[in-house]
Structure formats: C-alpha cells, structure tokens
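In order, the protein sequence lines correspond to chains A and B. Following the numbering used here, the numbering of the first sequence begins with 21 at its first residue and continues without gaps. Following the numbering used here, the numbering of the second sequence begins with 21 at its first residue and continues without gaps. All C-beta atoms in this analysis are idealised placements derived from N, C-alpha and C, irrespective of residue type, glycine included.
2 protein chains.
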Amino acid sequence: MTNDSLLRQWALLELIPRAPNQRHTSDLHQALVNRGYEVTIRTVQRDLLNLSRIFCLASNETGRRQAWFWMKGGSGIHLPLPDEPAALALLLAEEHLKPLLPPETLDLMKPTFAAAQRIVESTPHEGMAKWPERIQVIDRNPLQKPPALDSRVQHTVYTALFQNQKLKLNYQPRYKKKPSEYTISPLGIVSHRGLLYLVVVGDYDPFQLALHRITAAELLDEKGESPTDFTLGGYVNDDQAFTNRRFGEPIKLVIRMQEYAAKHLAECQLSTDQTIEPDTSGKEGWKRITATVNENEELHWWLNSYGAGVEVIEPSALRKAMCETAAALRKHYEPS
Amino acid sequence: MTNDSLLRQWALLELIPRAPNQRHTSDLHQALVNRGYEVTIRTVQRDLLNLSRIFCLASNETGRRQAWFWMKGGSGIHLPLPDEPAALALLLAEEHLKPLLPPETLDLMKPTFAAAQRIVESTPHEGMAKWPERIQVIDRNPLQKPPALDSRVQHTVYTALFQNQKLKLNYQPRYKKKPSEYTISPLGIVSHRGLLYLVVVGDYDPFQLALHRITAAELLDEKGESPTDFTLGGYVNDDQAFTNRRFGEPIKLVIRMQEYAAKHLAECQLSTDQTIEPDTSGKEGWKRITATVNENEELHWWLNSYGAGVEVIEPSALRKAMCETAAALRKHYEPS
DNA sequence: AAGCCATGCGACAATTAACGTCGCATAAAA
DNA sequence: TTTTATGCGACGTTAATTGTCGCATGGCTT
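In structure tokens form, the structure reads like this:
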C-alpha cells in the first residue's frame, strides 16, 4: 500500500492550509475523495492524527469539529534540504530582503529561511554557533524605514488580486483627516522606492493607492473588471506617479569620473558596450567612461549621488541639466 | 506501521543530497540505522524505489551500485504550500532579489519560488495566466549589472566557510595580468554595493578578496584559523575598504527639501524622531526636516542624489562638505 | 581470465498495521 | 430535551510491508 497510502498522505498535507486558515476533517475527506483517494473519513482522521505527531500540524477544536492547519511558527517542510553552501546563501538573501520588503511579506518566506537556519545551526562546527557573524550586508539602505503594513489588509488585497475580485477599501489619503471608501477592481502591485502600491480601477481611469494607507479591505463577491488593453507595464511607463522608467530612447552617456568610482564600474558595468579610458583632459587620476543607458530619474539620482566625483560630458541636454543643478546648488550654499 | 514507516521514509528523504552530490544505498542505510531505524537494506531499496516514483528522485547507476540524489530541475517539496497571497508576495520578492544577488545565489532559492509560481499558475483564473503582469518592481537598480560569478567557486568557498576549512585560491587581482595563489582561512562573507567579498586571514592580518575575482578554489583538509577576538562586524566597521558604516556618533541632521521629496520622507522615515515642518526661510513649497541619523558614506550619497533638491543646514561640518561639493561641481560646468 | 565480493532485485512467507465497520460518547443545534 | 454531526475506541478482515533467501550481474583482485 506504499503506493496509495503515501500518496494520499502527501495529498492530505497539501490540502491543509496555513495558520490563519483552517479546514475541517470532513472537508479534507471530501477533497481527497474528489482527487480519487476513496477512503473512509475514519482513515483521514487517523492520518491527520499521525501526521500531526510528525509535522507542525494542529487542530482547532470548536465543539466536536476539528479544523486543521499548519502551525504558524512551524518550520514546515522544505525538501531537498538546502546543502550547506545554499543555506548560507539563503541567509544572505534574507539579510538583503529585510530592508526591502515589509516584514509581513518577509514572514511569508520564513519557512524557507528557517530551513536554512536549521541546517546551519544543526551542524556541530564550533565556529558556526555564531553563524550570523559570518555574514554581513552593508549596502542595504538604512536611511529610510518602510512604513508599517497591516498584514490582514495585505492578505485580503493579494487574495483579491489573485482571484480577480472586487474590493471595498478604506483609504487614508495623505492630506485628509478621514479615510475615504473605495469600491474598486485591483489590477496589480507596484513596488516603488520601497513602497507598495495597488493599482486599481473604479468608475473612471486606473489609479494607484499606497498599500500602507489602506486601513481596511473587504473582499466583494463580484468579479474584477479591467479596461481592455490595460497592462500594468504600460500603466507604470505612462503614469506620472512612477517617473522612474526610461523616457525616450537610450542615450549615449559620456562622463568623467574619479578613479575610485570608476573601479567599481569596471566590475559592475553600466552597459555591455561600456568603455573606460584614461581621461585626456588633464584631470589627474580621472577616467572617461562611455556607455549606452536609458535616461530616467534613476540615472539622474545615480549621477547626482557622486556629487563632484562625476562630470557629465554628453549628451548635451543631460550636461545642461547638470549645469543647472550645479548652479542651483551653488545658490543654496553661496547666496549671491 | 504509520509510525515507523512514514518517519523512516521522511528521514530517508532528508538524507538524500541534491543533484551535484549523490549517496549510495548502503550509505543511506547506514545513516538510517544510526538514526535508530533498524531495518534491512532491502527495505531501504524498496523505499527508494517507491519514493522515486512520487518525488523527483533519481539514481545514478555506476555498475551495480546505485547512488541517489534529488533531480536538479525537480520542484522539490515545499510545505505548507504558500497560499495565494503568499505566492504573489514570493514572486515579488524574487523580482526584488534578482538585481541584488548573483544569479548563482538566486538559483539556490529556486525551489521556493518555483513552488510559488506553480501555485499561481495552477489556478485557473483567466487573468492569472499573465501573472507577471500583476507585479512590477521599479526601484531596482538597473544601472549596474553585477559581475558573473563561478558557481563552483561559490559552492567551494561557502562550504569552506561553513565547515571552517582552509582554502587554496586562485585570485585575479584587478591590476595584474596573472592570478595569484593564496592559502587562507575564510572568515566571512560581506555583501557590499552588489559585490560579494570573502574576508580571509592568511599569514598576517585579515583582508578581503572579491568573490568574482576568485578563479578557482580548492578545499584543503585543514582546519581554518581565526584570530582571537576577530568578529566580522568589527572588521567591517574598522576596515577602510568598507567605509559604508557609520563613523562617529549619530548626528542631528537639519535639511531643507523640496516638497515632493519630503512627501516621501513622511512615509519612509529617516528616524523615529524625524520632524517635517514648513520652511520659514521663504522658499516656496520647501520643507524643513530634522532627524537623528548616522553619518556615513551612504548618507552623503543620499543627500547628493537629490541634487539641488536638498540643502543641508546642520551640522555645520556636513554643510561645509556640501559647500565644497557645490564649489567643485561648479568648476566642472562653469570653469572660471 | 577466473573467482570473489558487493549490490540489486524477484519471490515468498510471516508479521503487522492499515482499513472499514460498528457503536458509543459528546457537543452544538433545534 | 431531542436531534444531528463528529470524534474516537474496538474489532475483524484485508492487504501490504518486512525479512530472508537466492539468483543475477558488474567490478575488482589475484
């Protein structure tokens, strides 16, 4: 019976939802029967009891009915187990994601990271007791902290997005005291500068709502609508709110740069056709760099961030913009 | 039998390594016996055969011996299955990680993301056929591309780090034609501005090697050494190579900022004591922001990236630095 | 080249646990 | 209180898992 028994128990494990949700035994039995495992409910009961002694399953006994679920903190199952190098890489990835994603989102990946952690910790290497000491991530952006996110709202919104259902939202606009109420169809999620936005459509054109400003969300039993020819990519490119995308054609960038910064560029290329040459204009230790890139806000930030460590030569429009920045900056600090 | 049989099969699954590695049946049997499952090897053989019909297991038959492993492309097992919102969040996380981590590192997380993808794709919602359309990440840094990494080197290095073993490395310095050879003890991994560095110690003081410049790595059968009192955190803080950390005490930052930028700060706080007030100096639509932050290179970049959109008021040392930047920048574009 | 050893695997019998059925206990609903 | 639904213990039957044996095969040694 290896055949049937193991497969059935496996299917059963897949049918059980994770912690906030739960499922009654009879439900699970029904689902199993539908999948072709024709056993009595008694067998399902026994299976559940057995499995719960091995895995992190628990039952919520409301009266006489038992509803089963995967325990929240439980490590879950992750096979094949990551080998040791993979486990270290996973922990590194976790460190990277921490500042990027809302904690609620990160929690969803916990089982994966927990598996990695167990691998690392279960190895009796004396040095590994302090495994966090082996990993450092120092390029996260520690300056700004993402706003708190209501995990229930997030769950509801994602569910609606996934099932293409309409939503009723309470939304707290930035400059109003009282929240507004929207009834909308969700179209997509955009992650922009560390904030999550829900792109929606109501009675008129699509617009976006900041996820962290949604104070309550309720699933409606109505199918979501979507404008014909709407694509999230197109929306993000067109809309003024997300000006981060390229505008226009790629440009041929020519800049002068201090050597220490150019060193970094040598390894992290701007483009495949990037060239780095000694600068011939007489600046000691500077490099001349050419590359084909998209012109967007990101590029401006990147150029600005080097302060006086970079000089834009071409294209002339970009150089002119930098000139204006320099002039405006001068006014701040050397008012005439 | 549920008791023993299921547990044993589970233990067996955990003992099987993933694709590049493999393990012989007798090995697995030994390991099971050591773990207290006293069965004959015949049972193990049968279990393996059964399990391989359900899971992505395969055996490599060299002559008469069978060596088992988890298939490389195989989806593996991931339980509890992420529910639909979690699956979307995972795919979002994957998009975030793509530009941050070397592809080789990302591959190690494939099973997790694959599970999410299967969830999303297996749902027959008509809209979800094009699930990537529902998710956009536009704050990744598309400007610079991380260098290629040798996955075998990465694997070897991580293994050495994990097991605290010495390594023999071929290293290609940035400005030398020929690679050098090092015999070192690994101390840790540092992720810095998108590059991975291996901190090591040889005969003298600890130093770091860029992981992507290591052309070959070989595990030595010798225990790694570590200077007494060495901590990776301390090294990163002290060493000149990683100047990204704070230097000195936190400072009380006072800046003027354009309103559109300040809006973003209102949600992603610089610090918990951050204040945003209308600017009284007469600049129309500007805000005055105060916050307590660490002064580090990151802060300088961040301030610079706004170009003329920000003016530092205090502390005076920082303002002076910005003055100098403005002056230097002016020389680039308005040579006197 | 031949014998030896290790391993895989088919077959078979004995054990054993898994399964369905029945009945009782219990909690919620009526 | 009665009714209904569910959980669970018990029991007998069924069926599968397990250990043992034997044979076949491939590699290694002498």
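{"query": "Hey, is VAL256 of chain B's beta-carbon within less than 9 Å of any beta-carbon in chain A?", "result": "yes"}
{"query": "Would you mind reading off the limits of the alpha helix (DSSP H) that contains ILE61 of chain B?", "result": "61-74"}
{"query": "Can the beta-carbon of LEU77 of chain B be found less than 9 Å from the beta-carbon of ILE139 of chain B?", "result": "no"}
{"query": "Under three-state DSSP, which class holds GLN156 of chain B?", "result": "strand"}
{"query": "Only counting runs of 3 or more residues, tell me where the beta strand (DSSP E) segments fall wholly within the region 281-328 of chain A, in order along the chain.", "result": "295-298, 306-313"}
{"query": "In angstroms, rounded to a whole number, what distance separates the CA positions of GLN42 of chain A and ILE97 of chain B?", "result": "21 Å"}
{"query": "Shortest alpha-carbon distance to ALA328 of chain A belongs to which of B:GLU331, B:ILE333, B:TRP321, B:GLU334?", "result": "B:TRP321"}
{"query": "Tell me whether ALA78 of chain A sits in a helix, a strand or coil according to DSSP, three-state version.", "result": "strand"}
{"query": "Between PRO298 of chain A and chain B, is there a C-beta pair that is closer than 9 Å?", "result": "no"}
{"query": "With DSSP as the reference, identify every bridge partner of ALA230 of chain B, one or two as the case may be.", "result": "B:TYR217"}
{"query": "Secondary structure at SER171 of chain B, three-state DSSP: helix, strand or coil?", "result": "helix"}
{"query": "So, helix, strand or coil for ASN264 of chain A, using DSSP?", "result": "Confidence is the limiting factor: at ASN264 of chain A the pLDDT is only 48, short of 50, which leaves the residue's position unreliable, though a coordinate-based value still follows. Coil, per DSSP."}
{"query": "Does any C-beta atom of chain A lie closer than 9 Å to the C-beta of GLY56 of chain B?", "result": "no"}
{"query": "Closer than 8 Å by beta-carbon distance: list the chain B residues that pair up with ASN324 of chain A, in chain order.", "result": "ASN324, SER325, TYR326, GLY327"}
{"query": "For the region 272-288 of chain B against the region 206-225 of chain B, do three or more pairs of beta-carbon atoms, one drawn from each stretch, fall closer than 8 Å, so that the two count as touching?", "result": "no"}
{"query": "Closer than 7 Å by C-beta to LEU239 of chain A: which residues in its own chain qualify, once you throw out the five before and the five after it? Chain order, please.", "result": "THR176, THR179, ALA180, GLN185, LEU187"}
{"query": "Near PRO270 of chain B, which residues of its chain fall below 8 Å by C-beta distance, leaving aside the five closest residues on each side in sequence?", "result": "THR312, VAL313, ASN314, GLU315"}
{"query": "Of all the CB atoms in chain A, is at least one closer than 9 Å to the CB of GLN65 of chain B?", "result": "no"}
{"query": "Taking a Cβ distance cut-off of 7 Å, strictly less, list which residues of the region 94-122 of chain B are near chain A, in chain order.", "result": "GLY96, ILE97, HIS98, LEU99, PRO100, LEU101, PRO102, ASP103, GLU104, PRO105, ALA106, LEU108, ALA109, LEU110, LEU112, ALA113, HIS116, LEU117, LEU120, LEU121"}
{"query": "Report the three-state DSSP secondary structure of PRO102 of chain B (helix, strand or coil).", "result": "coil"}
{"query": "Specify the secondary structure class of LEU48 of chain A as computed by DSSP and reduced to three states.", "result": "helix"}
{"query": "Any beta carbon from chain B within less than 9 Å of LYS283 of chain A's own beta carbon?", "result": "yes"}
{"query": "If you measure beta-carbon to beta-carbon, which residues of the region 329-348 of chain B are closer than 7 Å to chain A?", "result": "GLU331, MET342, CYS343, THR345, ALA346, ALA348"}
{"query": "How is the alpha helix (DSSP H) around GLU357 of chain B delimited, first residue to last?", "result": "As displayed, chain B neither begins before 21 nor continues past 356, which places residue 357 of chain B out of reach and without an answer."}
{"query": "Could you list which residues in chain A have their beta carbon closer than 7 Å to that of TYR224 of chain B, in chain order?", "result": "Under the 7 Å cutoff, chain A gives no residues; its nearest Cβ is about 20 Å from TYR224 of chain B."}
{"query": "Between A:GLN156, A:LYS118, A:SER142, A:ALA106, which has its C-alpha nearest THR132 of chain B's C-alpha?", "result": "A:ALA106"}
{"query": "When Cβ atoms are compared, which residues of the region 33-49 of chain A fall closer than 8 Å to chain B?", "result": "LEU33, GLU34, ILE36, PRO37, ARG38, ASN41"}
{"query": "List the residues of chain B that TRP321 of chain A touches, going by C-beta distances under 7 Å, in chain order.", "result": "SER325"}
{"query": "Under three-state DSSP, which class holds THR179 of chain B?", "result": "helix"}
{"query": "Any idea what DSSP makes of MET91 of chain A, helix, strand or coil?", "result": "coil"}
{"query": "Report back the beta-carbon spacing between HIS232 of chain A and ALA136 of chain A to the nearest angstrom; my notes put them in contact at under 8 Å.", "result": "HIS232 of chain A to ALA136 of chain A, Cβ: 29 Å. No contact."}
{"query": "Distance cutoff 9 Å, beta carbons only. Does LEU52 of chain B sit that close to anything in chain A?", "result": "no"}
{"query": "In whole angstroms, give me the CA-to-CA distance for GLY222 of chain A and THR248 of chain A.", "result": "14 Å"}
{"query": "Three or more C-beta pairs under 8 Å: does that hold for the region 103-118 of chain A against the region 78-90 of chain A?", "result": "no"}
{"query": "Which value, in whole angstroms, describes the spacing of the CA atoms of THR63 of chain A and LEU99 of chain B?", "result": "22 Å"}
{"query": "Compare the Cα-Cα distances from SER205 of chain B to each of B:ARG194, B:LYS198, B:ASP241 and report the closest residue.", "result": "B:ASP241"}
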